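Novice:
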Amino acid sequence: MAVSATVVVAGAGLAGLAAAWELSRAGANVALLDAERRPGGMVVTERPGGPGEKDGFVVEGGPDGFLAAEPDIQELARDAGIGGRLVDQLASGSSLWTGRRLEPLAEGQAAALLGIQIPSDVGAQLAAPLQFGFRSFATGMLDLVEALVARLAPVFRPAQGVTGLAPATRGWRLSLNGGSTVEAEAVILALPAWAAARLVTGAGVPAARHLDDVIYYPSTTVSLAYRSDQLAAAPAGTGFVSAAEWGRVGPRCAPARTPGSSIRVARRPVTP
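Position one of the sequence shown corresponds to residue 1 (the numbering used here), numbered consecutively onward.
1) Whose C-alpha, out of S180, V182, T181 and H210, is nearest the C-alpha of A193?
2) Do V87 and F137 have their beta-carbon atoms positioned less than 8 angstroms apart in this structure?
3) For A28 and W97, I'd like the C-alpha separation in whole angstroms.
4) The beta strand (DSSP E) spanning G164 covers which residue range?
5) Under 7 angstroms Cβ to Cβ from A190, same chain only, skipping five residues before and after it: list those, please.
6) How should R198 be labelled, buried or exposed, when 16 other C-beta atoms within 10 angstroms of its C-beta is the threshold for buried?
7) Can you give the Cα-Cα distance for T221 and T45, rounded to whole angstroms?
8) Can you look up A31 in the DSSP assignment and give me helix, strand or coil?
9) What separation, rounded to the nearest whole angstrom, lies between the Cα atoms of M141 and I73?
10) Looking at the structure shown, is A15 part of a helix, part of a strand, or coil, going by DSSP?
11) So, for L148: in the same chain, excluding its five sequence neighbours on each side, which residues have a beta-carbon less than 6 angstroms away from its beta-carbon?
12) Which one of P154, Q89 and V7 has the shortest CA to CA distance from F66?
13) Can you grab the Cα-Cα spacing for the pair A26 / F156, in whole Å?
14) Output the distance between the C-alpha atoms of E60 and R170, rounded to the nearest integer angstrom.
15) Return helix, strand or coil for G204, following the three-state DSSP convention.
16) So L114 is in the alpha helix (DSSP H); what residue range does that whole segment cover?
17) Taking the C-alpha atoms as reference points, what is the distance between A196 and A35?
18) If we call anything under 8 angstroms between Cβ atoms a contact, is G40 one with V145?
19) Cβ of I215 within 8 angstroms of Cβ of V7?
20) Which residue wins for smallest C-alpha separation from A111, given the options G93, E75 and L33?
21) Could you tell me which residues DSSP pairs with I188 in its beta bridges?
22) Would you identify the three-state DSSP class for A20, choosing helix, strand or coil?
23) If you follow the beta strand (DSSP E) that L148 is part of, which residue opens it and which one closes it?
24) So the candidates are A68, E75 and T139; which of them puts its Cα closest to the Cα of R85?
25) Counting only the same chain and skipping the five closest in sequence on each side, list residues whose C-beta sits under 6 angstroms from that of Q160.
In structure tokens:
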């Protein structure tokens, strides 16, 4: 079955969702495709306890925020009607768990301990955005994904991954898993570099092989949650504990694997 659209956006991560949203607002006939049934790409937010519950909390398996100095995501959130859900970073700094307590680290020391090389001549212009900290959303980064998907529901086609790309009479023909095709005047590939390399190279652009040279560094997110009744100093029902309090009570608390608590380790690739 062949379907036509003015623009096809392949990939429903934040980049693809934002592109489809801007095109849709501009009046384009858009088709948003993704190989997965779950939109959001690397954004993975879990909300144990359920949304709105007193003892609910947020577990991010992917990015847990963005630079507060960067306006793009914040403007996108306001356009999508959730600007009021933006929240600021409440604490900053890094600490090292010694086995008995959390010890504060001087600025730059965490990177040195992790073997990360920071250029000494980075310059004030490049360092400035980090000084403003980070922002996120009230119930996780998935807030933005859900808001955009709700507005793009008529054009979003989950479980429709692009398997091939070829020139057509009036643009491009995309082959999808399952045997169907889509024809479009223009295509936006909001995909990982290696996936885009395969598609564009197959469409007759040999230089696209250089996309395979893009390096993806591993990143690990560890989220710890404890039952509030295990932490005498924590406010009842919060399920959260500050670094200072964790240094005091942490050694006496074992992670509770109950519906009200969890330990999660998520690995994800991120670009430099």
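Virtual Cβ for every residue (Gly too), placed ideally from N, Cα, C. Nothing here was measured: the structure is a model prediction, and the numbers come from that model.
Specialist: Quick look at the numbers:
1) H210
2) yes
3) 52 angstroms
4) V162 to A168
5) V9, A10, G11, G13, A15, G16 and A19
6) R198 should be labelled buried.
7) 12 angstroms
8) DSSP places A31 within a strand segment (E or B) once states are collapsed to three.
9) 11 angstroms
10) helix
11) Taken in chain order, the residues that qualify are L17, W21 and A80.
12) Q89
13) 17 angstroms
14) 42 angstroms
15) coil
16) Run containing L114: none; DSSP gives neither H nor E here.
17) 13 angstroms
18) yes
19) Going by C-beta atoms, I215 is not nearer than 8 angstroms to V7.
20) G93 is the residue among G93, E75 and L33 whose C-alpha sits nearest the C-alpha of A111.
21) DSSP lists V9 as partners of I188.
22) helix
23) Taken as a continuous stretch (DSSP letters only), L148 belongs to no beta strand (DSSP E), being part of the alpha helix (DSSP H) at L142 to L152.
24) T139
25) L33 and L176
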